[in-house]
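Comments concern the structure below.
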Amino acid sequence: MTDTPPEPLDEDAAWAAFDARDRSADGRFVVAVKTTGIYCRPSCAARRPRREHVRFLDTPQAARAAGFRACLRCLPDEVTRDRQAVAAAISLIDAAEAPPALGTLAARVGYAPHHFHRLFKRATGVTPAAYARARRTARAARALAAEPSITAALYEAGYAAPSRFYADSDQRLGMAPGQWRRGGEGVSIVWAVVPSPMGPLLVATTDRGIARIAFEDDEQTLARSLPGASIRPADTNMHDRIARIVAATEAPDPLLPEPARRLSFIEAVSRALLDAS
Numbered sequence: 138m139t140d141t142p143p144e145p146l147d148e149d150a151a152w153a154a155f156d157a158r159d160r161s162a163d164g165r166f167v168v169a170v171k172t173t174g175i176y177c178r179p180s181c182a183a184r185r186p187r188r189e190h191v192r193f194l195d196t197p198q199a200a201r202a203a204g205f206r207a208c209l210r211c212l213p214d215e216v217t218r219d220r221q222a223v224a225a226a227i228s229l230i231d232a233a234e235a236p237p238a239l240g241t242l243a244a245r246v247g248y249a250p251h252h253f254h255r256l257f258k259r260a261t262g263v264t265p266a267a268y269a270r271a272r273r274t275a276r277a278a279r280a281l282a283a284e285p286s287i288t289a290a291l292y293e294a295g296y297a298a299p300s301r302f303y304a305d306s307d308q309r310l311g312m313a314p315g316q317w318r319r320g321g322e323g324v325s326i327v328w329a330v331v332p333s334p335m336g337p338l339l340v341a342t343t344d345r346g347i348a349r350i351a352f353e354d355d356e357q358t359l360a361r362s363l364p365g366a367s368i369r370p371a372d373t374n375m376h377d378r379i380a381r382i383v384a385a386t387e388a389p390d391p392l393l394p395e396p397a398r399r400l401s402f403i404e405a406v407s408r409a410l411l412d413a414s
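The numbers in the sequence shown follow the working numbering, run straight up by one, and end at 414.
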């Protein structure tokens with residue numbers, strides 16, 4: 138059996154990404170400039186050369202083999218290392234019982250804390266602390282359904298104190314923990330499904346916060362997960378407001394693991410909705 142050859146690079150799409158300084162294209166290809174002998178990330182801040190002076194190559198290794206040298210401004214060879222560091226930090230957060238401190242994460246992946254904070258947010262759209270908060274919220278929702286008591290659920294989710302758990306539940310579950318355990322009993326939920334850069338997104342809110350944000354969900358799934366709640370579709374104004382907020386939220390780095398991309402995007406949308414309320 139032979140390996141499937143990689144798809145050829147679409148040079149028109151590559152030029153469009155380069156011309157737009159599209160960060161999401163970083164790591165997918167490099168841009169070699171014939172007149173300077175330098176290769177760059179697609180997002181490099183340097184002035185754009187004429188298209189006929191540009192070559193698009195799949196990797197930094199291919200660019201070096203063709204006789205080009207790395208740009209000292211955008212450091213294209215660092216893209217893979219940066220992405221690996223972010224992916225490693227995501228794995229550490231996902232596996233941790235409690236949210237790790239920024240300094241601990243940065244040290245584990247070999248970066249200074251301030252630099253890593255910017256790097257993580259640029260790749261995911263959220264800070265390491267916000268990603269950890271989103272992971273803890275997801276754990277809390279599952280634990281409330283599975284654990285024998287609210288106290289057991291909050292410790293299973295990684296909360297050190299009940300006060301933080303109860304404060305978060307209003308905004309992050311849209312209801313009290315006891316109501317969540319009872320399937321949203323007595324809660325009024327308004328929902329909308331809107332387009333997003335990563336596919337259709339269900340957004341369900343209450344007068345206290347966000348009950349659910351999920352991909353590939355619909356009203357029936359929402360009703361099954363919270364059978365005690367009163368559920369109705371958003372009116373036109375609210376639907377449009379949610380759609381604008383979601384459309385303005387950038388998708389995370391497409392080469393990061395898909396579960397982490399989805400969780401990061403959901404957290405970014407959650408924060409934007411809460412800030413706008």
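All residues carry an ideal CB built from backbone N, CA and C; glycine is no exception.
Which residues DSSP lists as bridging residue i, in chain order
{"i": "R349", "result": "A341"}
{"i": "I369", "result": "The question names Ile, yet the displayed sequence has Arg at residue 369. Answer is V327, bridged to R369."}
{"i": "A169", "result": "Y176, R192"}
{"i": "D163", "result": "F166"}
6 Å Cβ shell around residue i - same chain, five flanking residues per side excluded
{"i": "A405", "result": "G262, V263, T386"}
{"i": "I403", "result": "I350"}
{"i": "A200", "result": "V167, A169, Y176, L194"}
{"i": "D214", "result": "P197, A207"}
{"i": "I287", "result": "P314"}
{"i": "D219", "result": "L256"}
{"i": "G365", "result": "R319, G320, G321, E322"}
{"i": "L400", "result": "A271"}
{"i": "A267", "result": "E404"}
Straight-line gap, residue i to residue j (C-alpha atoms, nearest Å)
{"i": "D412", "j": "P145", "result": "43 Å"}
{"i": "V383", "j": "M335", "result": "10 Å"}
{"i": "L239", "j": "A380", "result": "32 Å"}
{"i": "L212", "j": "L393", "result": "20 Å"}
{"i": "K258", "j": "P265", "result": "7 Å"}
{"i": "I368", "j": "S228", "result": "35 Å"}
{"i": "A217", "j": "S333", "result": "First, the amino acid is wrong: residue 217 is Thr here, not Ala. C-alpha separation (whole angstroms): 26 Å."}
{"i": "F352", "j": "G174", "result": "44 Å"}
{"i": "Q316", "j": "R309", "result": "13 Å"}
Own chain partners of residue i with C-beta closer than 7 Å, once the 5 adjacent residues on each side are dropped
{"i": "P391", "result": "S161"}
{"i": "P250", "result": "L239, G240, A243"}
{"i": "R188", "result": "W152"}
Assumed close pair residue i, residue j - CB separation to whole angstroms, cut-off 8 Å
{"i": "A269", "j": "P236", "result": "4 Å"}
{"i": "F166", "j": "F193", "result": "5 Å"}
{"i": "P179", "j": "D159", "result": "6 Å"}
{"i": "A294", "j": "A280", "result": "5 Å"}
Neighbourhood of residue i by C-beta, 8 Å cutoff - its chain only, sequence neighbours within 5 removed
{"i": "Y248", "result": "A222, L256"}
{"i": "M375", "result": "V327, A329"}
{"i": "A114", "result": "Lying outside 138 to 414, the shown extent of the chain, residue 114 is not represented and no answer is given."}
Closer than 7 Å: residue i CB and nearest the ligand PLP heavy atom
{"i": "R398", "result": "Among the components modelled here there is no ligand, and therefore nothing to report on the ligand PLP."}
Runs of beta strand (DSSP E) wholly within the segment 289–334 (minimum 3 residues, chain order):
Here the runs fully enclosed are 325–331.
Enumerate, from N- to C-terminal direction, the unbroken alpha helix (DSSP H) stretches of 4 or more residues contained entirely within the segment 181–213.
Runs of the alpha helix (DSSP H) inside the segment 181–213: 197–202.
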